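S.K.:
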Amino acid sequence: MRSQMHLTVAAMAVVVTAWLAYNRDVTDTSTFGVSDVWQYEMVPIENGAVGPESFAFDPHGEGPYTGVSDGRIIKWNRRESRWVDFAVTSSH
50 MRSQMHLTVA AMAVVVTAWL AYNRDVTDTS TFGVSDVWQY EMVPIENGAV GPESFAFDPH
110 GEGPYTGVSD GRIIKWNRRE SRWVDFAVTS SH
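Every position in the sequence shown, counted from 1, becomes a number in my numbering once 49 is added.
1) If you draw a straight line from the alpha carbon of residue 99 to that of residue 133, how long is it in whole angstroms?
2) Mapping DSSP to helix, strand and coil, what is residue 105?
3) Can residue 110 and residue 124 be called in contact, C-beta distance under 8 angstroms?
4) Which residues share a DSSP beta bridge with residue 58?
5) Output the distance between the C-alpha atoms of residue 105 and residue 71, rounded to the nearest integer angstrom.
6) For a test of the three-state rule: what should DSSP assign to residue 66, helix, strand or coil?
7) Note down, one range per segment and in chain order, each beta strand (DSSP E) of at least 3 residues found wholly within the region 111 to 141.
8) Hey, how far is the Cα of residue 67 from the Cα of residue 57?
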């Protein structure tokens, strides 16, 4: 009985792994190399604020959003390649 349970669990693991491998999004890795990881661009935050502490994305893939030291929440605008004000936090 115990060996049958092990066989069932192993079969389920194989089925789940095969399903995940079949249904995953395939990306073209030929356009992304290891050297791309080390490339970056400094993007200044306007009005003298510093940050970020963390980044967040919304369910629609927009963002990233981040909070900065002056209380603003800013969002990266992909089309304009700059940070835009999204919200302002209040001390009240």
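Yeah, the Cβ is synthetic: ideal placement off N, Cα and C, and Gly gets one too. Note that the coordinates shown come from a computational prediction; the quantities given were computed from them, not determined experimentally.
M.R.: Quick look at the numbers:
1) For the pair residue 99 and residue 133, the Cα-to-Cα distance works out to about 14 angstroms.
2) Secondary structure at residue 105: strand, using DSSP grouped into helix, strand and coil.
3) Taking 8 angstroms as the Cβ cut-off, residue 110 and residue 124 do not qualify as a contacting pair.
4) For residue 58, which the question treats as bridged, DSSP gives no partner whatsoever.
5) 29 angstroms
6) helix
7) 114 to 116, 121 to 126, 131 to 137
8) 15 angstroms
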